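Trainee: The structure is given below, and queries will be raised subsequently.
4 protein chains.
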Amino acid sequence: MSGSILGKYFQVSTWGESHGKGIGVVVDGCPAGLPLSEEILQKYLDRRKPGQTRYSTPRKEADEVEILSGIFEGKTTGTPISMVVYNTSQRSKDYSEIAQYYRPGHADYTFDQKYGFRDYRGGGRSSGRETISRVAAGAIAEELLKELGVEVFAYTKEIGGISMDEKRALKENIGKSPLYMPDLEASEQAEILLESKMKQQDSAGGIIECVVRGLPAGVGEPVFEKLDANLAKAVMSIGAVKGVEIGDGFAAAKAFGSDNNDAFIKKQDGGIGKLTNHAGGILGGISDGSDIVLRAAVKPTPSIARGQKTVNCQGREIEIQIRGRHDPVIVPRAVVVVETMVAITVLDMLFASMTSNLNGIKKFFAK
Amino acid sequence: MSGSILGKYFQVSTWGESHGKGIGVVVDGCPAGLPLSEEILQKYLDRRKPGQTRYSTPRKEADEVEILSGIFEGKTTGTPISMVVYNTSQRSKDYSEIAQYYRPGHADYTFDQKYGFRDYRGGGRSSGRETISRVAAGAIAEELLKELGVEVFAYTKEIGGISMDEKRALKENIGKSPLYMPDLEASEQAEILLESKMKQQDSAGGIIECVVRGLPAGVGEPVFEKLDANLAKAVMSIGAVKGVEIGDGFAAAKAFGSDNNDAFIKKQDGGIGKLTNHAGGILGGISDGSDIVLRAAVKPTPSIARGQKTVNCQGREIEIQIRGRHDPVIVPRAVVVVETMVAITVLDMLFASMTSNLNGIKKFFAK
Amino acid sequence: MSGSILGKYFQVSTWGESHGKGIGVVVDGCPAGLPLSEEILQKYLDRRKPGQTRYSTPRKEADEVEILSGIFEGKTTGTPISMVVYNTSQRSKDYSEIAQYYRPGHADYTFDQKYGFRDYRGGGRSSGRETISRVAAGAIAEELLKELGVEVFAYTKEIGGISMDEKRALKENIGKSPLYMPDLEASEQAEILLESKMKQQDSAGGIIECVVRGLPAGVGEPVFEKLDANLAKAVMSIGAVKGVEIGDGFAAAKAFGSDNNDAFIKKQDGGIGKLTNHAGGILGGISDGSDIVLRAAVKPTPSIARGQKTVNCQGREIEIQIRGRHDPVIVPRAVVVVETMVAITVLDMLFASMTSNLNGIKKFFAK
Amino acid sequence: MSGSILGKYFQVSTWGESHGKGIGVVVDGCPAGLPLSEEILQKYLDRRKPGQTRYSTPRKEADEVEILSGIFEGKTTGTPISMVVYNTSQRSKDYSEIAQYYRPGHADYTFDQKYGFRDYRGGGRSSGRETISRVAAGAIAEELLKELGVEVFAYTKEIGGISMDEKRALKENIGKSPLYMPDLEASEQAEILLESKMKQQDSAGGIIECVVRGLPAGVGEPVFEKLDANLAKAVMSIGAVKGVEIGDGFAAAKAFGSDNNDAFIKKQDGGIGKLTNHAGGILGGISDGSDIVLRAAVKPTPSIARGQKTVNCQGREIEIQIRGRHDPVIVPRAVVVVETMVAITVLDMLFASMTSNLNGIKKFFAK
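Chains as they are written, first to last, in this note's numbering: chain A, 538 to 904; chain B, 538 to 904; chain C, 538 to 904; chain D, 538 to 904.
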């Protein structure tokens, strides 16, 4: 099968392993005429690059993206855009130990069961470095959405149980927090927690929230290709994500209809809006013109320095200690991954919505 | 676009509106040789049929399924299986009122924005009756999985905040509870809550849990086509679902690595297992041989008898009172929908996994 | 797998066997707002209905189409359109003989090899009746294309080696010939040939030509999703088709560059055109604004009354005589099948072309 | 849309322009465990490399392939295989002239119409160099098929009207002819013709034949995903191909049923075979165990040195003379392209056939 290709109109095809020659992605279906350069892409990639703060792995990875095709005279040509980040700083360390056992919380065992063997160097294909491809492709989607008046942004909502306070959260604070948390007080508390977890050779998880603003109503298809269904897939496909919710999400399961329904109202500009947004901007799988709001639950980093029990490849129970430089929390670096995966999905469905009704198509083809 | 088709190998193509001639589905990609009949399918459909208990709409709907193709001498032929449930009991009531405004929590407004107009009779395509197609198709998937030793079952975990107690929950109780709740004490409490909500002309939501047992390790593709990603899409595509989580899900976001990692162990039969199952049976997007555990958050029924504020199609603010017979909670009837959507997804990915490694393929084609 | 679903944007999902309950199709992805009725569809279906002339099987088949979903107040709603033709006149004859052996030129043997058994009644899924689904779905595509100024028409070019003379061919003659041949002289000669073949208990094949007129330049994708590639697939997927060519086709293989290249010219309206059309309206997989011209080679009907050698299901060599009422030539009835398959393909790629460049997309979403 | 991705199970995603940084391809869905190296791939690529004989462009292109991912310890890992051929010898010549007009027989005009502008250097994305990706990906498919006992080979059947004589054709001669023609006498005659065409600054086309041997019966899906339908798409998607036929192809349109039907026979090994193979190994879209035989019509190279009429981008009629080093015939270099495209398609459908019946699936998953 082909598990590394996503999308129907804006198609993203990724490749690469942690310790192979590089990580890359081909974007097929990007319209012609979008201004694009390595500089534009690099800004997105730098947001997931390790070593930016003390709460991410101190590994130095340049992660410089190179565009190999699909651009001519500074603009996309409409043909596939191939991008690559060559692996440059992977230490040629000894992986013979890690090859012999199955790390808890990792895909070592399942890869062996599926394929018969695995590229065990640094996680191989299931390494977090795989998300480089997602961010590079999603950066293009996000740039395209901007051209169409749609903004996508994400931030850390919670780390290790420490949650931001909506009242203190400010969008402009996101970049000021080393954890990409828009509530700087909560960010500081989370930092303290992380320090303590690092000392305990442990790790934390958290919640990322993503907002899509400016998306017109009518995007998303009823039944299986609902906008929320595709968002859930895209975000759940990110390595450490274990849950996804839209709008009130799991809280809606505890609410009652009279509270959970969003009343439609007449907006000041005369258009139709909603008094509240429990639905997270999606009704019946279709965008309703309000902000799309989505949250992803990220599990704690499975690689911890503390001793752990597991089995080796022969099935014998052993105790291991994972060496190496690992993130005490991957949430902050995953913020841009969630954001770009959402952008890819929203763009794909925006394109899909162009053939929803005959009037729109007729106008498009009218000379 | 084509939002009503799901799957890559086992493809499900659905159609039908609440008040049209019927609701149907075509299953393409079902292997030849599976014993199948209308009786087998009907058992699944009866689990979502309304009017079974006082907590579902008293509408009488026979919902009898008819197979139109793909079966010969009691077995599937390998060609498309077309199934239909004709709409027989839809009251020919007056829909002129509902046609004029947008019901809160429904897809009326988004359909109009997307398509320019809508079939307003009883929700049209976005009616809950659409799930008949899912259950009919998923019943086939579930029967196929049984033949391969894989069991899928679902139940109500929580209603209106009243949650089952794991210690009291018994699988054999599921069918004994009118709410499909395996903890009969919690079920009774939830019934009391529902009675009170019905009196208040209000509605409740809840959480459905689904378990896949017996799935071999190695199913699911790394990167985008992760087993959990596809499960999230399938389940989130069900009308009222607002959140999906795998294993510990959102709780994992609050946990620390030392607790959340599942230690691998040597099982009594000599195989490899896990001491705990926080991961919900999926590592790196691939099944690990443990139970797959998934939860869906279901919002409260948006149709409530209580007065509500909204706008009409001209954008004028009005107050409405939705008449008709509506479910005070849809969770119990949605249990089989979640279960069958999970079955469709697991089967599709099981098929996908057949080409994971050359050894398996060679054996398959060896004479 | 799912061999009965075609298309990416305008998706067609077919089902049904020759002697089952009916033949049907679900169209998913038809935009909202197209006027559609059973009367409109029936006109297309009547063109493939048997028993219209003495050169088709004298079987009486009403082949009346019924629309089950997707239409509201005379227009498509944007949701799936389910259509069915119930089988009414299939004789309940004895198929026990045909079940025992493999008819030459038919799919009996390959079905048994693939599926382990087969629905042997009248060809089952591989019956020519399967094309009813194609015509019903393609009729919708053709109606949509008309709304966008694109015309598709097909006709018989050759039967049993008797070819039409381009100079004598008139579009308005197509309907006047019982063979749908626009050159009435050639049509008469072909009729004489068919009479003689019928006496000899033999059958003939022929060539169908299809033209797409009014398609704007720019439709079709470079590389794999070329317009001609998708046309070739769609037309080759019709039961008896053994070859497809575009423009000069196989004749181009014998031509030289200086003759085969079409010079671009300035048209009288100031636009760019071509002096000749050896390319058949497609350059680099993309429409160039000229007529798209395609030809399909149709093999002679394999069911002939004459004695034939074959083997039975046990592999013993036997001599058989196929009874029943068969078409001496299927070309005339296949004309509308080719035409509608071309329409489905062209429409799908027309939709695809809407996201080719950013300027077009921006205009579409501008308020 | 995404016109550069092909396949459902074995997915091929290509990128690159004639004069960009390189040409590449990602193969997703290759099973784990196939021995693979750059040396193996290079043998296939060398067959399409220019400059091998005087009948291809004298441009020197190293076309050395590099594998970037998906291989570990000499074997495929089951994850995406990324391959690239960097463009090294593209002359940095002046393309300002070619940018101003539309070459007859090329995609210049259609690209401009579709995308608004084009990368005009050497044909950009629609250059023949795009086929490098096809050959690299198809080489993997062909190697996989070999492991499963399936052989694919192709050769030149005809050039400029000079056709090989079946009686003189020997498979082992293919490599001995500079034109890959298995009849060395016809090859010599074709060479003489080409010499004369080169002097006349003209070009020739031809026919390529491809055979698939050893494919088990039962591969290919009825209805739309017929084996022949997918072969037609794959081969027609190659730049200069204008026609595709299976078995007797267009000749079948002139034949009669009594001749065209292939009688089934009992083979010496006791199995079922066919006396003749007019059908080209496919019945009802499904392989019948005989050789699959396919032919592709290749148009003459559109780039000829002779003066030609055309229009410039402003629509003014002009006369041009295309400079540069062009192939007088591309048929010989396209042989391996047809062969590998056939291999990709056959492999994809072989995988699809693994879920045709429940017995096979049960055996696969039995422990």
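Glycine is no exception: its CB is placed at the ideal position from the N, C-alpha and C atoms. From a predicted model like this one, the values you see are computed outputs, not experimental measurements.
Would you kindly report the start and end of the unbroken alpha helix (DSSP H) that includes residue 511 of chain B?
Mentor: Lying before the first or after the last residue shown, residue 511 of chain B is absent from chain B, which here runs from 538 to 904.
Trainee: In the structure shown, what three-state DSSP assignment does residue 583 of chain D receive?
Mentor: Looking up residue 583 of chain D in the fourth sequence gives position 46. Correct three-state label for residue 583 of chain D: helix.
Trainee: Against chain D, which members of the stretch 765-798 of chain B pass a CB distance test of less than 8 Å?
Mentor: none
Trainee: Do you know whose CA, among C:720, C:598, C:834 and C:849, lies nearest residue 792 of chain D's CA?
Mentor: Walking along the fourth sequence from the start, residue 792 of chain D turns up at place 255. Answer by Cα proximity: C:834.
Trainee: Are three or more beta carbon pairs between the stretch 747-766 of chain B and the stretch 811-830 of chain B nearer than 8 Å?
Mentor: yes
Trainee: Which residue comes first and which comes last in the beta strand (DSSP E) that contains residue 857 of chain D?
Mentor: Counting from 1 along the fourth sequence, the entry for residue 857 of chain D is found at position 320. Per DSSP, residue 857 of chain D is one residue of the beta strand (DSSP E) stretching across 854-857.
Trainee: In the DSSP assignment, what residue or residues form a beta bridge with residue 783 of chain A?
Mentor: Working through the first sequence from its first residue, we reach residue 783 of chain A at position 246. DSSP, once it has assigned bridges, lists A:831 as partnering residue 783 of chain A.
Trainee: For residue 904 of chain A, would you say it is in contact with chain D, using Cβ-to-Cβ distances shorter than 8 Å as the test?
Mentor: Counting from 1 along the first sequence, the entry for residue 904 of chain A is found at position 367. Chain D contact via Cβ: absent.
Trainee: Counting only C-beta atoms, is residue 586 of chain D closer than 8 Å to chain B at any point?
Mentor: Position 49 of the fourth sequence holds residue 586 of chain D. False, the Cβ-Cβ gap to chain B never drops below 8 Å.
Trainee: Any heavy atom of the ligand SAH closer than 7 Å to the beta-carbon of residue 548 of chain D?
Mentor: Ligands in the displayed structure: none, and consequently the ligand SAH is not present.
Trainee: Between the alpha carbons of residue 593 of chain B and residue 811 of chain B, how many angstroms are there, rounded?
Mentor: Residue 593 of chain B sits at position 56 when you count from the first residue of the second sequence. Residue 811 of chain B sits at position 274 when you count from the first residue of the second sequence. Whole-angstrom Cα-Cα distance: 40 Å.
Trainee: What residues in its chain sit with their C-beta under 7 Å from that of residue 642 of chain A, if we drop five residues either side in the sequence?
Mentor: Within the first sequence, the letter at position 105 stands for residue 642 of chain A. Only 839 meet the Cβ criterion.
Trainee: Would you give the residue range spanned by the beta strand (DSSP E) that residue 692 of chain A belongs to?
Mentor: Here the question's residue 692 of chain A lines up with position 155 in the first sequence. Under the DSSP assignment, residue 692 of chain A falls in the beta strand (DSSP E) whose first and last residues are 688-696.
Trainee: Going along chain C, which residues have a C-beta under 9 Å from residue 674 of chain D?
Mentor: Within the fourth sequence, residue 674 of chain D is the residue found at index 137, counting from 1. What residue 674 of chain D touches in chain C: nothing, since even the nearest Cβ is about 11 Å away.
Trainee: What residues in the stretch 597-608 of chain A have a beta carbon less than 9 Å from any beta carbon of chain D?
Mentor: 603, 604, 605, 606, 607 and 608
Trainee: Can you tell me which residues form a DSSP beta bridge with residue 749 of chain C?
Mentor: The residue given as residue 749 of chain C occupies position 212 in the third sequence. DSSP lists C:689 and C:829 as partners of residue 749 of chain C.
Trainee: Residue 722 of chain A: which of A:604, A:633 and A:704 sits nearest, CA to CA?
Mentor: Walking along the first sequence from the start, residue 722 of chain A turns up at place 185. Of the candidates A:604, A:633 and A:704, the one whose C-alpha sits nearest the C-alpha of residue 722 of chain A is A:704.
Trainee: So residue 565 of chain C is in the beta strand (DSSP E); what residue range does that whole segment cover?
Mentor: Locating residue 565 of chain C in the third sequence gives position 28, where the first residue counts as 1. Start and end: 559-565.
Trainee: On the DSSP bridge list, what partners appear for residue 758 of chain A?
Mentor: Here residue 758 of chain A is taken as the residue at index 221 of the first sequence, counted from 1. Answer is none; residue 758 of chain A lacks a bridge partner.
Trainee: Can you have a look at residue 702 of chain A and say buried or exposed, based on whether 16 or more other CB atoms are within 10 angstroms of its CB?
Mentor: By 1-based counting over the first sequence, the position of residue 702 of chain A is 165. Under this definition residue 702 of chain A is an exposed residue.
Trainee: I'd like the span of the alpha helix (DSSP H) that includes residue 868 of chain C, first residue to last.
Mentor: Translated into positions along the third sequence, residue 868 of chain C becomes position 331. 868-889 is the extent of the alpha helix (DSSP H) around residue 868 of chain C.
Trainee: Residue 542 of chain A versus chain D: which residues are under 8 Å apart at the beta carbon?
Mentor: Taking the first residue of the first sequence as position 1, residue 542 of chain A is located at position 5. Within chain D, the residues near residue 542 of chain A are 542, 548, 550 and 565.
Trainee: Measuring CB atoms only, is the stretch 677-695 of chain B touching the stretch 732-747 of chain B, in the sense that at least three cross pairs come out at less than 8 Å?
Mentor: yes
Trainee: Could you pull out every residue in the same chain whose Cβ sits closer than 6 Å to the Cβ of residue 657 of chain C, ignoring the five residues on either side in sequence?
Mentor: Taking the third sequence and counting its residues from 1, one reaches residue 657 of chain C at position 120. Cβ within range, chain order: 632, 635 and 636.
Trainee: For residue 728 of chain B, which residues of its own chain have a beta-carbon under 8 Å away from its beta-carbon, when the five flanking residues on both sides are left out?
Mentor: Residue mapping note: residue 728 of chain B aligns to position 191 of the second sequence, counting from 1. Within the same chain, and ignoring the five residues on either side of residue 728 of chain B in sequence, the residues whose Cβ sits closer than 8 Å to its Cβ are 592, 715 and 716.
Trainee: Specify the secondary structure class of residue 801 of chain C as computed by DSSP and reduced to three states.
Mentor: On the third sequence, position 264 is the one that residue 801 of chain C refers to. Residue 801 of chain C: strand per DSSP, three-state reduction.
Trainee: Buried or exposed: which applies to residue 574 of chain D, given that a residue is buried once 16 or more other Cβ atoms fall within 10 Å of its Cβ?
Mentor: Along the fourth sequence, one-based indexing puts residue 574 of chain D at 37. That one is exposed.
Trainee: Provide the residue span of the alpha helix (DSSP H) that contains residue 811 of chain D, from first to last.
Mentor: Against the fourth sequence, residue 811 of chain D aligns to sequence position 274. Premise fails: residue 811 of chain D lies in the beta strand (DSSP E), 809-811, not in any alpha helix (DSSP H).
Trainee: Could you check if residue 807 of chain A is buried or exposed, using at least 16 other CB atoms within 10 Å of its CB as the buried criterion?
Mentor: The sequence position of residue 807 of chain A within the first sequence is 270, counting from 1. Classification of residue 807 of chain A: exposed, given that the 10 Å Cβ count is below 16.
Trainee: Cβ closer than 8 Å: which chain C residues qualify as neighbours of residue 819 of chain A?
Mentor: As a first step, residue 819 of chain A must be located in the first sequence, where it is residue number 282. What residue 819 of chain A touches in chain C: nothing, since even the nearest Cβ is about 17 Å away.
Trainee: Taking buried to mean at least 16 other C-beta atoms within 10 Å of its own C-beta, is residue 572 of chain B buried or exposed?
Mentor: The sequence position of residue 572 of chain B within the second sequence is 35, counting from 1. Answer is exposed; the Cβ neighbour count stays below 16.
Trainee: If distances are taken between C-alpha atoms only, which option among A:548, A:844, A:776 and A:598 comes closest to residue 871 of chain A?
Mentor: To locate residue 871 of chain A, count along the first sequence from 1; it is residue 334. The residue with the shortest Cα to Cα distance from residue 871 of chain A is A:776.
Trainee: On the three-pair Cβ rule with 8 Å, is the stretch 888-901 of chain A touching the stretch 866-881 of chain B?
Mentor: no
Trainee: Going by the DSSP bridge assignment, what does residue 741 of chain B pair with across the sheet?
Mentor: Walking along the second sequence from the start, residue 741 of chain B turns up at place 204. Answer by DSSP bridge pairing, in chain order: A:793.
Trainee: Please name the residue, chosen from A:540, A:598 and A:557, that lies closest to residue 550 of chain A on a Cα-to-Cα basis.
Mentor: Walking along the first sequence from the start, residue 550 of chain A turns up at place 13. Here the closest residue by C-alpha is A:540.
Trainee: Whose C-beta lies closer than 7 Å to the C-beta of residue 711 of chain A among residues of the same chain, with five residues either side of it excluded?
Mentor: Position 174 of the first sequence, counted from the first residue, corresponds to residue 711 of chain A. Residues 692, 717 and 719 of the same chain have their beta carbon placed closer than 7 Å to that of residue 711 of chain A, with the five preceding and five following residues left out of the count.
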